[in-house]
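Everything on this sheet refers to the single structure shown next.
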């Protein structure tokens, strides 16, 4: 059962990170973003979840591309 809670905590942490970053970008509360994704998922039968996965992937790629390097030797 401990493994279950470890996996659950991991997905909750990563999922809320995406919602938090989207909310910061839009200037609204993260709770509004989370509930809107839930409503979109029920209304559009999965399109909201697919949009969520796309945005999570896009944010991950953006982080990989735009890493801050302190010197030229960090390549």
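Residue numbers (the UniProt record's numbering): 1 to 75. Positions of the beta carbon are idealized from the N, C-alpha and C atoms, including for glycine.
* Buried or exposed (CB count within 10 angstroms, at least 16 for buried), residue 9 -> Translated into the one-based positions of the chain shown, residue 9 becomes position 9. Exposed: under 16 other Cβ atoms inside 10 Å.
* To do: Starting from the N-terminal side, write out each stretch of the alpha helix (DSSP H) that is 4 residues or longer and does not extend beyond the UniProt domain "Phage shock protein PspC N-terminal" (18 to 58).
  => 30 to 44
* To do: Please report how far the alpha carbon of residue 28 lies from the alpha carbon of residue 44, in whole angstroms.
  => Position 28 of the chain shown, counting from 1, holds the residue named residue 28. Position 44 of the chain shown, counting from 1, holds the residue named residue 44. Spanning the two alpha carbons is a distance of roughly 23 Å.
* Could you name the residues of the same chain whose beta carbon sits closer than 6 Å to that of residue 41, not counting the 5 residues immediately before and after it, in chain order? => Reading the chain shown from its first residue, position 41 is the one you call residue 41. The residues are 48, 49.
* Asked: What distance in whole Å lies between the Cβ atoms of residue 18 and residue 39, which are believed to be in contact at a cut-off of 8 Å?
  -> As a position in the chain shown, residue 39 is number 39, starting the count at 1. As a position in the chain shown, residue 18 is number 18, starting the count at 1. Not really, about 17 Å apart at Cβ, beyond 8 Å.
* Asked: Taking Cβ positions, are residue 59 and residue 34 nearer each other than 8 Å?
  -> Mapped onto the chain shown, residue 59 falls at position 59. Mapped onto the chain shown, residue 34 falls at position 34. No, the pair does not count as a contact, with Cβ atoms beyond the cut-off.
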